[in-house]
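In what follows, a structure is listed as structure tokens, so that the remarks can point back to it.
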């Protein structure tokens with residue numbers, strides 16, 4: 020939410036997306052808690068968490084209060100490089116920053132950097148997972 024990265028068809032409301040997502044998650048948690056009381060079942064809420072610092076900020080994913088309502092989040096640890104880099108190639112799931120990364124500074128990030136952004140914001144590490152690719156990518160160019 021709030022990020023202009025992604026498909027052209029995405030409708031982005033940068034001023035309200037992050038707030039609306041948080042309100043949705045709070046309401047979902049409230050309703051699931053009520054359902055748990057009725058059914059005696061547990062219901063978890065998890066979220067995909069972006070690795071790109073710009074997307075983290077745009078969606079306010081680094082808000083520790085959000086994790087009062089989420090059980091956990093999985094940080095995107097894949098698709099950090101791909102065919103959209105028409106003249107470059109690199110590791111699609113680099114754990115650490117790449118020395119001499121030729122891309123623009125706002126595209127230079129890694130799993131380690133993303134994890135540290137979330138931890139540095141005060142999010143409990145026990146609520147964070149890392150999504151890793153179980154596939155490869157190929158492209159020409």
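Numbering (my numbering), first residue to last: 20 to 160.
Just so you know, even glycine gets a beta-carbon here, dropped at the ideal spot from N, CA and C.
Annotation: residue 70 is outside any beta strand (DSSP E) and is labelled neither H nor E by DSSP. In the DSSP annotation of this structure, residue 101 is not part of any alpha helix (DSSP H), being labelled neither H nor E. Cβ neighbours of residue 100 within its own chain (closer than 6 angstroms, five residues either side excluded): 109, 111. Counting only runs of at least 4 residues, the region 31–90 fully encloses the following alpha helix (DSSP H) elements, listed from N- to C-terminal order: 36–58, 72–77. According to the DSSP assignment, residue 138 belongs to the alpha helix (DSSP H) that extends over 130–139.
Annotation for residue 107: no beta strand (DSSP E) segment contains it, and DSSP assigns it neither H nor E.
Closest in alpha carbon position to residue 87, among 97, 98, 65, is 65.
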